[in-house]
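Below: one structure, written as structure tokens.
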Amino acid sequence: MITLQEALKKDKNELQEICADIRKKVAASDLNAYVGELTQKEEQGIPILVKDNINIKDEPLTCASRILKGYIAPYDATAIINLRKHGCIPFGRANMDEFAMGSTTESSCYGKTLNPVAKNRVPGGSSGGSAAAVAGGIAIAALGSDTGGSIRQPASFCGCVGLKPTYGRISRYGLVAYASSLDQIGPITQNVSDAAILLDMLSGYDTKDSTSANLPPTECFKNINPNRKQTIAVLPDFLKDASQEIQQAYTETISILEKQGHRIIEKTMLDTAYHISAYYIICTAEASANLSRFDGIRYGNRIDSDDLKELYIQTRTQGFGEEVKRRILLGSFVLSSGYYDAYYLKAQQVRSLIKQQFNSIFSDTDLILSPISPTLPPMFGATSSPLEMYLGDIYTISVNLAGLPAISLPTSQKEGIPVGMQLIGKAFDEQSVLDGALSLENALK
Ligand code: GLN
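Residue numbers (our numbering): 1158 to 1602.
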């Protein structure tokens, strides 16, 4: 598949051919990375695949949930408006975990997406459709959303690049909220340069999102410099939770960075057990509030009843899947009176501590190198409990809790499966993150 950088040089006719080619490839593909019909009528631009939780005017939007089946988005998300401004068009809907809750794309009402690299393994999640399509050669680039790793982890599992921008960098207006203080839209691409190009297109201040940062759009692609030498912190203590393969891949990546002339220093971070606890309390609390709007009255599917309460109960009981219900229950519990101080408030304190630790590491460091996942992508059906799945998020969620930018890119292969690592940067310093990532990508060519 041609890259975004190459697609930018194509004329209208060539782009139409590319769209037609993608249509054919999607029809022939068994990945289940695209959901719904490829109904987009306009084919006047570079086709970008969009996760099914970002509003595209007049197109279905379901968040891979039965509760939103039949819902048609009444407006474009700001990210989509920005895409259109730069000669791109939303083209196709990417499969995902229901309401972006999960790490495997198995909780979608459309069924699972396959990992193009190894079809018996999960593609990661929740943006599994986006990553599988880009890595599987059926999308030039895709949009995902990252609340606790959902861009970076599937990119790592499928062998492509995923960038989670700083919180506030890309408008969340038109992104269906999972956990509003953590969610960010970001690109999933074939390479680092394409990630920079898409970030530049998507970023910028938006008055429609009160948490959008009042900053001009980034110019990361124009300024990208892989030859810049940076100080990169590594976290040896973090590795105790990782499998042998991941530990090896981490060590190999450090050597490559050293060879590229970067300065490596060792740092420590709060135990990842605290990250998991704080994240799953905060994200479920926010999700329980955000998902209360899906009541059968205002959006999508309704299970009718003469009794209003019964209508709510039946709509939500039949509309939401198991994982979403689990999180609504957990979130309502941690916010309930008597438990608020013990759980929610404590989790917010731990969140502050994590932010402070990042700040202290960044006092003499440009970037942090960390694994993405403690294991290779699991085989389908191998994850035995929700808790086991949650524990797979240990390396990605602290970045969201602190609102930082991070990029995931494939740095090695183990058992023929790509292994991704992430470079984490200071808030609003996507430039250093992309510079470092390009230096690593070039060294691996
Ligand atoms: N796996 C994490 C969760 O289930 C992250 C999901 C995401 O980033 N949307 O919450």
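Just so it is clear, CB atoms sit at the ideal spot from N, CA and C, and this is done for glycine as well.
Every value quoted in this text rests on a predicted model; they were computed, and no experiment measured them.
query                                                                                                                                                                    : result
Please identify the residue among A1230, S1328, E1174 and C1245 whose C-alpha is closest to the C-alpha of Q1162.                                                        : C1245
Quick one: residues in its chain with C-beta nearer than 8 angstroms to the C-beta of I1433, no 5 flanking neighbours on either side, listed in chain order?             : Y1547, L1548, D1550, I1551 and I1554
Can you find a heavy atom of the ligand GLN that lies under 8 angstroms from the Cβ of D1550?                                                                            : yes
I'd like to confirm something about A1257: is its beta-carbon nearer than 8 angstroms to some heavy atom of the ligand GLN, or not?                                      : yes
Can you find the residues in the same chain that come closer than 7 angstroms, C-beta to C-beta, to N1382, ignoring five residues on each side of it along the sequence? : D1592
Looking only at its own chain, which residues have a Cβ that is under 7 angstroms from the Cβ of G1268, when we skip the five neighbours before and after it?            : N1189
Reducing DSSP to helix, strand and coil, say where I1297 ends up.                                                                                                        : coil
Alpha carbon to alpha carbon, how far is I1224 from L1118? Give it in angstroms, no decimals.                                                                            : The structure shown has nothing for residue 1118, since the chain only spans 1158 to 1602.
Just how far apart, CA to CA, sit I1205 and I1211?                                                                                                                       : 12 angstroms
Compute the distance between the beta-carbons of S1260 and Q1310, then report whether it is under 9 angstroms.                                                           : yes
Could you please give the first and the last residue of the uninterrupted alpha helix (DSSP H) stretch that includes S1321?                                              : As written in the sequence, residue 1321 is Lys, which differs from the Ser given in the question. Element bounds for K1321: not the alpha helix (DSSP H) but the beta strand (DSSP E), V1318 to K1321.
Under 6 angstroms Cβ to Cβ from Q1475, same chain only, skipping five residues before and after it: list those, please.                                                  : I1460
To the nearest angstrom, how far is it from the Cα of Y1362 to the Cα of D1340?                                                                                          : 16 angstroms
On the CB-based measure, 16 or more other CB atoms within 10 Å of its CB, does K1208 come out buried or exposed?                                                         : buried
Is Y1547 near the ligand GLN - that is, is its Cβ less than 8 angstroms away from at least one heavy atom of it?                                                         : yes
According to DSSP, is S1565 helix, strand or coil?                                                                                                                       : strand
Is G1453 helix, strand or coil by DSSP?                                                                                                                                  : coil
What is the residue span of the alpha helix (DSSP H) that V1183 lies within?                                                                                             : K1169 to A1185
What distance in whole Å lies between the Cβ atoms of N1458 and L1359, which are believed to be in contact at a cut-off of 8 angstroms?                                  : No, L1359 and N1458 are not in contact; Cβ-Cβ is about 30 angstroms, not under 8 angstroms.
Please name the residue or residues paired with D1303 in a DSSP beta bridge.                                                                                             : Q1341
Considering only their Cβ atoms, is the gap separating A1298 from P1247 smaller than 9 angstroms?                                                                        : no
Pick out whichever of T1522, D1178 and V1183 has its Cα sitting closest to the Cα of K1128.                                                                              : Outside the modelled stretch of the chain, which goes from 1158 to 1602, sits residue 1128, for which no answer is possible.
According to DSSP, what are the bridge partners of L1332?                                                                                                                : I1211
Looking at C-beta atoms only, is the number of pairs between the region 1432-1451 and the region 1500-1507 that lie closer than 8 angstroms three or more?               : yes
Whose C-alpha, out of V1279, F1477, G1488 and Y1469, is nearest the C-alpha of S1530?                                                                                    : V1279
Determine, using beta carbons only, whether Y1335 and N1252 come nearer to each other than 9 angstroms.                                                                  : no
Would you identify the three-state DSSP class for V1556, choosing helix, strand or coil?                                                                                 : helix
What I want to know is whether the C-beta of N1447 ends up closer than 8 angstroms to one or more non-hydrogen atoms of the ligand GLN.                                  : no
Is any heavy atom in the ligand GLN found nearer than 8 angstroms to the beta carbon of S1283?                                                                           : yes
Please classify G1227 as buried or exposed, where buried requires at least 16 other C-beta atoms within 10 Å of its C-beta.                                              : exposed
Should I1554 be counted as a contact of the ligand GLN given a C-beta to heavy atom distance under 8 angstroms?                                                          : yes
Among the candidates L1544, I1203 and S1367, whose CA atom is the shortest distance from the CA of C1176?                                                                : I1203
Smallest Cα separation from A1312: which of R1455, T1304, L1597 and P1567?                                                                                               : P1567
Thinking just about the alpha-carbon of each residue, which of Q1579, S1509 and T1219 is nearest to the one in F1451?                                                    : T1219
Alpha helix (DSSP H) containing T1472: first to last residue?                                                                                                            : L1465 to G1476
Quick one: is the Cβ of Q1310 within less than 8 angstroms of any heavy atom of the ligand GLN?                                                                          : yes
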